[in-house]
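See structure below.
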């Protein structure tokens with residue numbers, strides 16, 4: 022079974038490029054040049070140097086001893102929260118700003134929900150001296166106010182989105198409209214493994230550094246050659262696909278994606294797209310989408326701004342369809358409980374997104390000699406108002 026993108030930009034049935042005519046030149050340029058640029062030795066040298074010296078990679082693979090004792094199996098946390106800017110998003114932002122420079126683009130746009138991708142994009146634009154505009158839903162701007170202030174301090178213009186449900190989906194819509202209006206000089210740094218080809222494959226390639234490091238760190242630090250399983254939260258799916266990438270063709274490694282069930286799968290207020298979605302087109306690719314019977318996109322709900330999205334990356338849709346990865350879901354309340362537990366047991370406050378993956382751990386089946394790796398995708402300082410609303 023093939024789990025990677027084909028020459029047409031599809032992962033099996035899912036993927037492709039469904040775009041307005043105005044964007045065809047931009048997307049065609051990306052499709053024809055991204056591999057040539059990314060695989061160039063000078064690009065890789067600069068990318069790796071920045072990951073090491075600016076981002077702080079490799080991130081630790083931390084044995085969570087107290088939590089492991091409670092769970093009954095060895096748990097290792099891949100500490101993406103220790104990256105510069107506090108999440109995995111910087112890996113992709115570094116890669117795409119280098120790509121944009123080689124394409125001669127002088128203006129950067131992005132969308133953000135939880136704000137971590139926005140902060141990462143604002144950071145690399147400040148580093149490179151490039152003009153940056155980030156679209157963010159009005160609701161997300163309120164619940165992620167610290168990240169809004171970070172972006173503004175970095176010199177980025179944060180543009181509130183007041184249309185639709187005023188969250189991540191709507192921010193992506195507005196960013197796409199901006200790109201259509203400025204096709205010549207602008208590059209859209211998409212933050213997740215979604216969108217038209219080549220974005221899902223490109224984001225996977227930049228985030229694959231996560232699984233590349235896991236693959237060398239685990240045997241170097243432990244008696245284990247391979248993880249029994251890898252677990253990560255899934256909204257659009259960038260941290261998960263990065264954690265899965267180097268193990269997709271190793272069938273002995275169990276891959277688990279954890280979606281946001283919101284208030285429950287059958288509550289009408291959920292963001293569990295793989296559990297409740299149907300085939301459709303969203304933001305330029307064919308994937309699984311939460312929609313009505315007549316194809317209207319339904320509003321997603323999650324306590325986590327970064328998972329509050331009615332679609333999922335096409336590669337994840339393919340992994341679910343083929344059975345290579347299993348996707349489960351966790352409610353808002355379960356995520357909150359798990360975040361507080363990690364804080365008390367390990368002294369680590371996770372992002373609300375990561376808390377969903379943590380909440381699944383007690384249900385996960387593994388033995389005392391079966392190492393489980395969880396991608397701790399981000400830190401939780403942005404979520405303190407939700408964790409401690411009485412403070």
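Residue numbers (our numbering): 22 to 412.
The C-beta atom is built at its ideal place from N, Cα and C for all residues, glycine as well.
Classify residue i: buried if its beta carbon has 16 or more other beta carbons within 10 angstroms, exposed otherwise.
i: residue 56; result: exposed
i: residue 392; result: buried
i: residue 28; result: exposed
i: residue 53; result: exposed
i: residue 166; result: exposed
i: residue 237; result: exposed
i: residue 144; result: buried
i: residue 163; result: exposed
i: residue 223; result: buried
i: residue 25; result: exposed
i: residue 106; result: buried
i: residue 289; result: exposed
i: residue 63; result: exposed
i: residue 126; result: buried
If residue i sits next to residue j, beta carbons under 8 angstroms apart, how far is it from one beta carbon to the other, in whole angstroms?
i: residue 253; j: residue 260; result: 5 angstroms
i: residue 192; j: residue 216; result: The Cβ separation is near 13 angstroms, so there is no contact.
i: residue 276; j: residue 346; result: 4 angstroms
i: residue 168; j: residue 403; result: 5 angstroms
i: residue 328; j: residue 377; result: 7 angstroms
Mapping DSSP to helix, strand and coil, what is residue i?
i: residue 375; result: helix
i: residue 64; result: helix
i: residue 210; result: coil
i: residue 397; result: strand
i: residue 1; result: Residue 1 is absent from the model: the chain starts at 22 and stops at 412.
i: residue 284; result: coil
i: residue 135; result: coil
i: residue 354; result: helix
i: residue 215; result: coil
i: residue 180; result: strand
i: residue 367; result: helix
i: residue 152; result: strand
i: residue 405; result: helix
i: residue 295; result: helix
i: residue 48; result: helix
i: residue 34; result: coil
i: residue 160; result: helix
i: residue 279; result: strand
i: residue 147; result: helix
i: residue 205; result: coil
i: residue 413; result: Residue 413 falls outside the range modelled here, since the chain spans only 22 to 412, and no answer is possible.
i: residue 22; result: coil
i: residue 361; result: helix
i: residue 29; result: coil
i: residue 274; result: coil
Do you know offhand how far residue i's Cα is from residue j's?
i: residue 135; j: residue 244; result: 37 angstroms
i: residue 199; j: residue 274; result: 41 angstroms
i: residue 172; j: residue 88; result: 34 angstroms
i: residue 374; j: residue 325; result: 6 angstroms
i: residue 73; j: residue 314; result: 48 angstroms
i: residue 78; j: residue 132; result: 25 angstroms
i: residue 297; j: residue 337; result: 14 angstroms
i: residue 250; j: residue 299; result: 27 angstroms
i: residue 203; j: residue 40; result: 15 angstroms
i: residue 36; j: residue 201; result: 20 angstroms
i: residue 263; j: residue 348; result: 16 angstroms
For this session: Could you pull out every unbroken alpha helix (DSSP H) segment of at least 4 residues lying fully inside the segment 222-268, listed in chain order?
Result: 230-242 and 259-265
Problem set entry | Minimum length 4: unbroken alpha helix (DSSP H) runs contained in the segment 56-129 | 62-71, 86-92 and 110-123
For this session: Only counting runs of 4 or more residues, tell me where the alpha helix (DSSP H) segments fall wholly within the segment 301-353, in order along the chain.
Result: 335-343
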